[in-house]
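For reference, each letter of the sequence shown is one residue, going -18 to -1, 1 to 228 in mature numbering (1 follows the signal peptide of the UniProt record, and there is no 0).
Quick reminder that beta carbons are idealized off the backbone N, C-alpha and C, glycines included.
Keep in mind it's a predicted model, so treat the numbers as computed, not measured.
Worksheet: one structure, shown below.
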Amino acid sequence: MRLILLALCLLVAGSARAADAEVWARLDALHASRADAAAVKELEAELKKALTATPDDFELVWRQARLLQWQADGAGNEKLKKVLGRQTWDVSEKAIKLAPARVEGHYYAATGIGAYSQAVGVMKALGEGLEGKFNERVDTAIKIDPTFNWSAPLLVKGRYFYELPWPKRDLKKSAEYYEKAIKKHPEMLRAHYFLAETLLKDDKAKEARDAIQKVKQGSVAYDPPEGQRIQEWAKKVEADIEEELK
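Next up, the structure:
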């Protein structure tokens, strides 16, 4: 009888894991199509439904943070970016509590704090004591897995040194983090885009032009919505570089 009960428990557990895997795969497929508004709407609905059933499922929680981060990153105004950045941060903190040894919660928490800080202004964010919170989370993400999401934790840290006001800004360190990411994932267009901005600010317009050309000519196959967003953003940076080179 005990063996039968054990077998039934294992069968139920195995079925649950299979069902969970199907849900996660569905969410990932929708996320891959997030440039389409209809896909985002469906993704939001699927996440809401799944989280209502199992609100403490780490795999669902970090995927919710991932979507919020994407929306915060592309927010059209500072008010919306502030709200979405805060939501990303809050959801990510829950992910950290659920699985502190996993990289996702720490990484998305850092991006949420970053988006929020950009929206309210870096000086105000520093005044609110967010620098330490940001660094704690991004440094933990780098320690756990610096290559996560095409070395995105390294990009976030590099952007930190770019965004800081003088005298804390360190463009050399900023570029070093991007170059580490590029060495590991040369296909990641955001790394080249961020590097171009850093080089331009560091009065290295010719090098910045080389970096932005890699964005223009690069393939978006690794993540089409992300790559297309960056190539669109690169147009203004390229114009700024050419203006500097006149």
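For this session: Say yes only if the C-beta of K218 is nearer than 6 Å to one or more non-hydrogen atoms of the ligand MG, and no if none qualify.
Result: This structure does not include the ligand MG; it has no bound ligands of any sort.
Exercise. Is it right to say Q210 is buried, meaning 16 or more other beta carbons lie within 10 angstroms of its own, or is it exposed?
Worked result: exposed
Exercise. If we count the other Cβ atoms within 10 Å of its Cβ and call it buried at 16 or more, is E60 buried or exposed?
Worked result: exposed
For this session: Within the stretch 82 to 139, note down every full alpha helix (DSSP H) run reaching 4 residues or more, in order along the chain.
Result: 85 to 102, 104 to 109, 112 to 126
Exercise. Would you report the Cα separation of E224 and E41, rounded to the nearest angstrom?
Worked result: 44 Å
Exercise. According to the neighbour-count rule (16 or more other Cβ atoms, all chains shown, within 10 Å of its Cβ), is A101 buried or exposed?
Worked result: buried
Exercise. How about Q51 and Y90: are their beta carbons less than 7 Å apart?
Worked result: yes
Exercise. Would a C-beta distance cut-off of 7 Å place K81 and L137 closer than the cut-off?
Worked result: The sequence as given places Ala at residue 81; Lys does not occur at that position. Cβ distance not < 7 Å, so A81 and L137 don't count as in contact.
Exercise. How is K202 classed by DSSP in three states: helix, strand or coil?
Worked result: One detail in the question is off: residue 202 reads as Val in this sequence, not Lys. Coil at V202, not helix or strand.
For this session: Express the C-alpha separation of G103 and G109 in angstroms, rounding to a whole number.
Result: 10 Å
Exercise. Hey, how far is the Cα of R151 from the Cα of G140?
Worked result: 11 Å
Exercise. Under 7 Å between the Cβ atoms of T70 and A92?
Worked result: no
For this session: Taking D72 as part of the alpha helix (DSSP H), name the residues at either end of that continuous run.
Result: 60 to 80
Exercise. Going along the chain, which residues of its own chain have a beta-carbon closer than 6 Å to the beta-carbon of I164, five neighbours each way excluded?
Worked result: A173
For this session: Counting only the same chain and skipping the five closest in sequence on each side, list residues whose C-beta sits under 8 Å from that of L25.
Result: L9, L12, H13, R16, L49
Problem set entry | Among G94, P149, L153, nearest to P135 - alpha-carbon criterion | G94
For this session: Specify the secondary structure class of H42 as computed by DSSP and reduced to three states.
Result: A small fix is needed here, since residue 42 is Leu in this sequence, not His. L42 falls in the helix class under three-state DSSP.
Exercise. From what residue to what residue does the alpha helix (DSSP H) around E24 run?
Worked result: 19 to 35
Problem set entry | Residue range of the alpha helix (DSSP H) that includes S156 | 153 to 166
Problem set entry | Collapsed DSSP secondary structure at I14 in the structure displayed | Going by the sequence as given, residue 14 is Ala instead of Ile. Three-state result, A14: coil.
Exercise. DSSP state of K228, grouped into three classes?
Worked result: coil
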